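Structure first, then comments.
Protein chains: 2
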Amino acid sequence: MPSSSLDYSKEPSRPQYELIVRKETPFNAEPRIQNLVEHYITPEKYMFVRSHGPVPTHLDESHIITVQGLADAKQFSVQQLKTQFEKAHVMMAMQCAGNRRDGLHRVKHTKGVIWGAAAVGNTTFAGCRLRDVLHAVGVVSYKNDLHVSFESVEQVITCEETACYGSSIPLCKALDEFGDVLLAYEMNGHTLTHDHGYPIRVVVPGYIGARSVKYLKSITVQDHESTSYFQQRDYKLLPAQVGTEQEAEEYWCKVPAIGEYNVQSFVCHPAHDSDKVVAEGTRLTAQGYALSGGGRSIQRVDVSNDNGDTWQVAELYQPSMSARAWGWCLWTIKNIEYKGYPIVSRAVDSAGNVQQEYPVWNYRGVLNNAWRTVNL
Amino acid sequence: MPSSSLDYSKEPSRPQYELIVRKETPFNAEPRIQNLVEHYITPEKYMFVRSHGPVPTHLDESHIITVQGLADAKQFSVQQLKTQFEKAHVMMAMQCAGNRRDGLHRVKHTKGVIWGAAAVGNTTFAGCRLRDVLHAVGVVSYKNDLHVSFESVEQVITCEETACYGSSIPLCKALDEFGDVLLAYEMNGHTLTHDHGYPIRVVVPGYIGARSVKYLKSITVQDHESTSYFQQRDYKLLPAQVGTEQEAEEYWCKVPAIGEYNVQSFVCHPAHDSDKVVAEGTRLTAQGYALSGGGRSIQRVDVSNDNGDTWQVAELYQPSMSARAWGWCLWTIKNIEYKGYPIVSRAVDSAGNVQQEYPVWNYRGVLNNAWRTVNL
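Quick note, the sequences are listed as chains A and B, same order. Every letter in the first sequence is one number past the one before it in numbering that gives the first Met the number 0, and letter 376, counting from 1, is 375. Every letter in the second sequence is one number past the one before it in numbering that gives the first Met the number 0, and letter 11, counting from 1, is 10.
In structure tokens, the structure reads:
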């Protein structure tokens with residue numbers, strides 16, 4: 000087996016987590032859904048971990064990041080990034096593209112880690128601005144269709160070969176003065192831990208987590224997207240009729256890589272699986288999260304206790320710390336009667352996008368944002 | 000009647016239009032839906048016109064625009080804007096927030112002009128960058144929560160009082176180097192016509208048309224949104240339970256003004272009302288438009304001929320002229336069988352947002368993007 004060629008013997012210890020492990024190697028874990036609404040800023044113990052290979056625990060602040068492309072190549076140690084560039088902060092939701100994959104997987108087999116609805120969290124990051132670093136190496140002006148490619152130290156197995164994890168974002172996102180893309184070295188006020196990218200990671204607010212490359216090794220400005228498997232043949236929203244690896248083969252190159260994520264919400268309390276222990280007629284407080292990609296704020300969360308026939312408007316908690324809404328929204332609805340149906344939520348974002356009723360199934364099981372949780 | 004206090008005697012003549020008039024005073028008109036897919040760049044004769052009052056036909060290029068706010072106030076004539084600032088171009092869809100209001104109005108009475116699905120078009124604009132003008136008056140740095148307010152010469156009646164049309168956008172959109180907000184003096188390569196804002200208008204790509212203020216009189220940088228009726232008490236997406244003017248009263252201040260629009264598509268050919276003259280079993284070519292707000296491109300358009308049971312993927316035509324997809328997408332599907340149901344389309348944008356099945360009704364009838372056209 001090719002995965003045996005990767006060494007998982009040096010994984011960090013994880014006694015502090017209160018997570019459900021979805022996969023041991025690479026390590027993938029998410030919290031219980033109820034825990035997500037306990038804090039607006041998700042504590043690390045409740046923050047999902049998404050690895051694609053063994054965690055490179057040997058790195059420290061002497062680690063060198065190469066910045067190259069249109070301008071002269073330059074190298075910076077993490078220590079230099081910390082001292083030579085202004086420290087910036089961003090509070091942002093991080094969401095895996097596969098969050099809620101289980102809802103699609105129940106419809107039909109999907110490829111990927113079967114995440115529940117907790118592959119999402121909301122934390123603060125601190126680091127230097129990618130924009131400042133690009134300016135420092137001479138990338139100041141914008142040209143259409145350029146990309147910033149990130150390569151990681153993280154070793155992965157794809158197509159039976161060993162490679163480094165990689166991904167890219169459009170240069171216009173990287174240079175956007177309101178884009179808030181950081182090379183982060185802190186999360187929630189503390190030095191990044193191994194599982195979250197120590198010593199340095201990219202964070203791309205408003206984009207799927209796959210673009211926030213951990214254990215960053217190089218940054219390349221180029222005229223094409225990253226050629227990595229994870230940009231080219233994964234994290235894409237395939238049409239519903241593509242149902243096998245063979246059928247996917249001809250579609251990967253036709254379908255764009257996902258950047259921003261879609262409008263999303265979920266009921267965290269009562270958790271869907273706890274509904275059965277509540278008696279019909281009980282009045283309760285429902286709580287959940289909502290978020291949308293690209294800095295779009297949540298405008299409204301509708302909640303239904305009668306299978307979608309009627310909807311009530313939830314109270315939102317969504318403090319803004321930036322020009323764009325990178326953080327998630329927590330919502331609450333009090334005194335709602337449990338009528339025997341799962342309580343469901345439907346968010347509307349600032350652009351008027353709304354979660355659809357039924358999932359649009361896709362082979363990779365990404366971007367599921369249906370408000371109805373299908374039980375087959 | 001208060002509207003009698005506005006003078007509609009100086010309206011421009013409109014012999015060139017091939018439009019269906021939805022309202023005479025103020026003049027509101029849209030093309031036949033089939034015409035929209037004849038050209039990727041919508042000719043003016045097929046471009047919808049949305050007026051809020053009498054067209055100020057007395058203006059010319061000596062018209063003065065005042066720019067004021069945080070910096071010193073300055074004044075520019077249209078002629079000066081043309082000669083003192085670089086000329087920039089944008090190709091963009093312009094869509095009224097009320098496009099497809101008829102679909103909501105069939106569910107329940109809405110307030111507003113009953114537009115069909117052709118209150119949208121795709122044109123090119125040329126003008127100076129709002130960003131450059133703001134820089135020229137000293138607004139260069141960004142602060143959170145500032146807004147750029149636009150006031151028009153156009154006289155309107157709101158709440159039984161005469162006022163000037165006005166609106167605002169966030170300063171971060173105005174200053175965004177990829178935001179492409181122009182003070183435009185040309186459309187489709189020709190000087191703006193009276194109905195489209197001569198001598199100068201704002202165009203805000205990716206935002207509802209209401210923010211692209213015509214007959215611009217002043218630009219103000221301020222710490223709050225425009226206080227205009229059209230920013231504060233209109234063009235808002237109210238919750239479904241708000242069904243009357245009285246109920247709306249308490250909601251206007253709680254609901255954000257719409258900026259970006261949501262993911263949208265529509266079948267233009269065959270037009271829904273022409274379906275009845277096609278025999279079941281006929282194979283035909285279906286065509287339509289698709290677009291999304293905020294520069295999000297269209298990733299896929301699914302088309303169904305069997306009431307949404309199965310979907311086929313359409314071919315897309317969506318040339319990019321900019322870092323962000325401001326233009327619309329025209330789509331085609333060949334050799335699709337007419338099975339007695341209206342052919343419907345469902346677009347997915349680059350953030351994975353998808354049109355929902357049923358309309359979420361709202362009192363003002365805005366942002367209807369349901370793929371199902373409800374006939375009651």
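Yeah, the Cβ is synthetic: ideal placement off N, Cα and C, and Gly gets one too. For clarity, every value in this text was computed on a predicted model and none was experimentally measured.
If the criterion is Cβ atoms closer than 8 Å, does the pair ILE64 of chain A and LEU174 of chain A meet it?
Looking up residue 64 of chain A in the first sequence gives position 65. Looking up residue 174 of chain A in the first sequence gives position 175. LEU174 of chain A is positioned such that its CB atom lies no closer than 8 Å to that of ILE64 of chain A.
To the nearest angstrom, report how far apart LYS172 of chain A and SER76 of chain A are at their CA atoms.
The count along the first sequence starts at 1 and reaches residue 172 of chain A at position 173. The count along the first sequence starts at 1 and reaches residue 76 of chain A at position 77. Taking the CA atoms as reference points, LYS172 of chain A sits about 24 Å from SER76 of chain A.
Nearest-angstrom Cα separation, counted from ARG130 of chain B out to GLU176 of chain B:
Here residue 176 of chain B refers to the residue found at position 177 of the second sequence. Here residue 130 of chain B refers to the residue found at position 131 of the second sequence. Straight-line Cα distance between these residues: approximately 7 Å.
Going by the CB atoms, is the gap between VAL106 of chain B and PHE149 of chain B shorter than 8 Å?
For the purposes of this step, residue 149 of chain B is taken as the residue at position 150 of the second sequence. For the purposes of this step, residue 106 of chain B is taken as the residue at position 107 of the second sequence. Between PHE149 of chain B and VAL106 of chain B, the CB-CB gap reaches or exceeds 8 Å.
For PRO255 of chain A, count neighbouring Cβ atoms within 10 angstroms of its own Cβ and tell me buried if that reaches 16, exposed if not.
One-based indexing of the first sequence puts residue 255 of chain A at position 256. Per the 10 Å Cβ criterion, exposed.
Could you confirm whether any beta carbon from chain B is found closer than 8 Å to the beta carbon of ALA322 of chain A?
Here residue 322 of chain A corresponds to residue number 323 of the first sequence, with the count starting at 1. With 8 Å as the cut-off, ALA322 of chain A counts as an interface residue toward chain B.
Cβ of LEU377 of chain A within 8 Å of any chain B Cβ:
Since the displayed chain A opens at 0 and closes at 375, residue 377 of chain A lies outside it and no answer follows.
Can you tell which of B:GLN221, B:VAL262, B:GLN79 and B:PRO269 has its C-alpha closest to the C-alpha of LEU182 of chain B?
As a working mapping, residue 182 of chain B is identified with position 183 in the second sequence. Here the closest residue by C-alpha is B:GLN79.
With a 10 Å radius around its C-beta and 16 neighbouring C-beta atoms as the bar for buried, classify VAL36 of chain A as buried or exposed.
On the first sequence, position 37 is the one that residue 36 of chain A refers to. Its Cβ being crowded by 16 or more others within 10 Å, VAL36 of chain A is buried.
Leaving out five residues before and five after LEU18 of chain A in sequence, what residues of the same chain have Cβ atoms less than 8 Å from its Cβ?
Translated into positions along the first sequence, residue 18 of chain A becomes position 19. Same-chain partners within the cutoff: ALA28, GLU29, PRO30, LYS44, TYR45, PHE47 and VAL48.
Compare the C-beta of GLU259 of chain B against all C-beta atoms of chain A and say whether one is closer than 8 Å.
Start at 1 with the first residue of the second sequence, and residue 259 of chain B comes out as number 260. Interface residue, yes.
For HIS268 of chain A, write down the residues that DSSP places opposite it in a beta bridge.
Taking the first residue of the first sequence as 1, we reach residue 268 of chain A at position 269. In DSSP, HIS268 of chain A forms a bridge with A:GLN286.
Test: ALA116 of chain B CB closer than 8 Å to a CB of chain A:
Here residue 116 of chain B refers to the residue found at position 117 of the second sequence. ALA116 of chain B has a beta carbon lying at 8 Å or more from every beta carbon in chain A.
Contact defined as beta carbons within less than 8 Å: I believe PRO204 of chain A pairs with TRP325 of chain A. What is the distance between those atoms, to the nearest angstrom?
Working through the first sequence from its first residue, we reach residue 204 of chain A at position 205. Working through the first sequence from its first residue, we reach residue 325 of chain A at position 326. Right, their Cβ atoms sit about 4 Å apart.
Return the bridge partner residues of PHE75 of chain A from the DSSP annotation.
Position 76 of the first sequence, counted from the first residue, corresponds to residue 75 of chain A. A:ILE64.
Excluding the 5 residues flanking ASP24 of chain A on each side, which residues of the same chain have their C-beta closer than 6 Å to its C-beta?
Within the first sequence, numbered from 1, the residue matching residue 24 of chain A stands at position 25. The residue you asked about is not Asp; residue 24 of chain A is Thr in the sequence shown. Hits under 6 Å: TYR7.
Based on the DSSP secondary-structure assignment, which residues constitute the bridge partners of ARG128 of chain A?
Stepping through the first sequence from its first residue, residue 128 of chain A is reached at position 129. Its beta-bridge partners are A:LEU181.
Buried or exposed: which applies to PRO358 of chain A, given that a residue is buried once 16 or more other Cβ atoms fall within 10 Å of its Cβ?
One-based indexing of the first sequence puts residue 358 of chain A at position 359. Classification for PRO358 of chain A: buried.
Is any beta-carbon of chain A found at less than 8 Å from that of ASP395 of chain B?
In the structure as shown, chain B starts at 0 and stops at 375, and residue 395 of chain B therefore has no counterpart that could be examined.
Rounded to whole angstroms, what's the CA-CA distance from HIS51 of chain A to THR219 of chain B? Just pull it up for me.
Numbered from its first residue, the first sequence carries residue 51 of chain A at position 52. Numbered from its first residue, the second sequence carries residue 219 of chain B at position 220. Straight-line Cα distance between these residues: approximately 50 Å.
On the three-state DSSP scale, how would you describe MET0 of chain B?
The residue labelled residue 0 of chain B in the question sits at position 1 within the second sequence. Residue placement at MET0 of chain B is flagged as unreliable, the pLDDT there being 43, under the threshold of 50; the coordinate-derived value follows with that caveat. MET0 of chain B: coil per DSSP, three-state reduction.
Would you say PRO169 of chain A lies against chain B (beta-carbon separation less than 8 Å)?
Indexing the first sequence from 1 puts residue 169 of chain A at position 170. The C-beta of PRO169 of chain A comes closer than 8 Å to at least one C-beta of chain B.
TYR197 of chain B to ASP179 of chain B, Cα distance in whole Å?
If you number the second sequence from 1, residue 197 of chain B lands on position 198. If you number the second sequence from 1, residue 179 of chain B lands on position 180. If you take the alpha carbons of TYR197 of chain B and ASP179 of chain B, they lie about 20 Å apart.
Going by beta carbon distance, what residues of the same chain come within less than 8 Å of THR372 of chain A, once the five residues before and after it are set aside?
If you number the first sequence from 1, residue 372 of chain A lands on position 373. Leaving aside the five residues that flank THR372 of chain A on each side, the residues in its chain whose CB is nearer than 8 Å to its CB run, in chain order, GLY102, HIS271, PRO341 and VAL343.
Measuring alpha carbon to alpha carbon, tell me which residue in A:THR123, A:SER61, A:VAL152 and A:TYR337 is nearest ARG53 of chain A.
Along the first sequence, one-based indexing puts residue 53 of chain A at 54. Strictly speaking, residue 53 of chain A in this sequence is Pro, with Arg absent from that position. With distances taken between CA atoms, PRO53 of chain A lies nearest to A:VAL152 out of A:THR123, A:SER61, A:VAL152 and A:TYR337.
Helix, strand or coil: which one does DSSP assign to ARG99 of chain B?
Position 100 of the second sequence holds residue 99 of chain B. Coil at ARG99 of chain B, not helix or strand.
Please list the partners that ALA92 of chain B has in chain A, where partner means a Cβ-to-Cβ separation under 8 Å.
Indexing the second sequence from 1 puts residue 92 of chain B at position 93. Here the premise fails: no neighbours, minimum Cβ distance about 14 Å.
Per the contact definition of three or more C-beta pairs closer than 8 Å, is the segment 361 to 371 of chain A in contact with the segment 249 to 266 of chain A?
Here the segment 249 to 266 of chain A makes contact with the segment 361 to 371 of chain A; the two share three or more CB pairs at distances below 8 Å.
Residues in the segment 226 to 259 of chain B with C-beta within 8 Å of chain A's C-beta atoms, listed in sequence order?
Residues passing the 8 Å Cβ filter: LEU236, PRO238, ALA239, GLN240, VAL254, PRO255, ILE257, GLY258 and GLU259.
Give a yes or no on whether the minimum CB-CB distance between GLN298 of chain B and chain A is below 8 Å.
Counting from one through the second sequence, the residue named residue 298 of chain B turns up at place 299. Closer than 8 Å: yes.
Nonlocal neighbours in the same chain, by C-beta distance under 6 Å from PHE84 of chain B, ignoring five residues either side
The sequence position of residue 84 of chain B within the second sequence is 85, counting from 1. The answer, listed in chain order, is CYS127 and ASP131.
Is the CB of ARG371 of chain A under 8 Å away from at least one CB in chain B?
The residue labelled residue 371 of chain A in the question sits at position 372 within the first sequence. False, the Cβ-Cβ gap to chain B never drops below 8 Å.
Sorry if obvious, but does the Cβ on SER50 of chain A come closer than 7 Å to a heavy atom of the ligand NAD?
Of the ligands one can find in the structure shown there are none, so the ligand NAD has no counterpart to examine.
Would DSSP call THR82 of chain A helix, strand or coil?
In the first sequence, counting from the first residue as 1, residue 82 of chain A sits at position 83. Of the three classes helix, strand and coil, the one that applies to THR82 of chain A here is helix, per DSSP.
Taking DSSP as the reference, what is the three-state secondary structure of LEU170 of chain A?
By one-based count along the first sequence, residue 170 of chain A stands at place 171. In this structure, LEU170 of chain A counts as helix in the three-state DSSP scheme.
In three-state DSSP terms, what is HIS88 of chain A?
Here residue 88 of chain A refers to the residue found at position 89 of the first sequence. Collapsing the DSSP output to three states places HIS88 of chain A in a strand.
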